[in-house]
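As numbered in numbering that gives the first Met the number 0, residues 0 to 132 make up the sequence shown, in order. Here's the structure we're looking at; comments come further down.
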Amino acid sequence: MGVVYVCTVHDKYLEDIRPIMRQLYKVIKSHKASFPEALIANRSDRVKVGREDPEMAGWYWCQDIKGMEAWIPNTHLDINGEYAVFNQPYNSIEHTVEVGEIVQYLGESLDWIECLNKEWKYGWIPTPKLEKI
0 MGVVYVCTVH DKYLEDIRPI MRQLYKVIKS HKASFPEALI ANRSDRVKVG
50 REDPEMAGWY WCQDIKGMEA WIPNTHLDIN GEYAVFNQPY NSIEHTVEVG
100 EIVQYLGESL DWIECLNKEW KYGWIPTPKL EKI
């Protein structure tokens, strides 16, 4: 199993440094980011909820107060009618990746994985385009 160790310091003493293990995934099918800009939200930010993606259940086309639009998984939203409030921070940025690249797993929502790429940049990639290593 591939893992990356990231050290975090909990106080000034070296013996208090603890590793964080992250699961690694290999890209098995290339992916190109769908949009050049991201909708970025904090917990409790509000969006207007539009249509649900007919091909990916649970993903909604939403618009924030600045007019930025993006697909958002319902796992990140508390939907009430035509509006929703984020129940956690969200960033819609996708990665553009090629076959063979390795990414670090951060989380998963509705068949998409949140991860860090080789430049340590955050983004999303569809789960079917990845393989756990």
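Backbone N, C-alpha and C define an ideal beta-carbon position, used for all residues, glycine too. Quantities reported herein were computed from a predicted structural model and do not represent experimental measurements.
> Which residues share a DSSP beta bridge with asparagine 86?
Replying inline: Taking the first residue of the sequence shown as 1, we reach residue 86 at position 87. According to DSSP, asparagine 86 bridges with nothing at all.
Is asparagine 86 near alanine 37, with beta carbons less than 8 angstroms apart? Locating residue 86 in the sequence shown gives position 87, where the first residue counts as 1. Locating residue 37 in the sequence shown gives position 38, where the first residue counts as 1. Their beta carbons are not under 8 angstroms apart, which means asparagine 86 does not touch alanine 37 by this criterion.
Looking only at its chain, what residues have a beta carbon closer than 6 angstroms to the beta carbon of glutamate 68, apart from the 5 residues adjacent to it on each side? Within the sequence shown, residue 68 is the residue found at index 69, counting from 1. Here the set comprises Gln62.
TODO: Please confirm whether glutamate 100 and threonine 126 have their CB atoms less than 8 angstroms apart.
DONE: On the sequence shown, position 101 is the one that residue 100 refers to. On the sequence shown, position 127 is the one that residue 126 refers to. Not closer than 8 angstroms, so no.
What does a CB cutoff of less than 7 angstroms around lysine 65 pick up in its chain, not counting 5 residues either side in sequence? What you label residue 65 is simply residue 66 of the sequence shown in a count that begins at 1. Excluding residues within five positions, none has a Cβ falling inside 7 angstroms.
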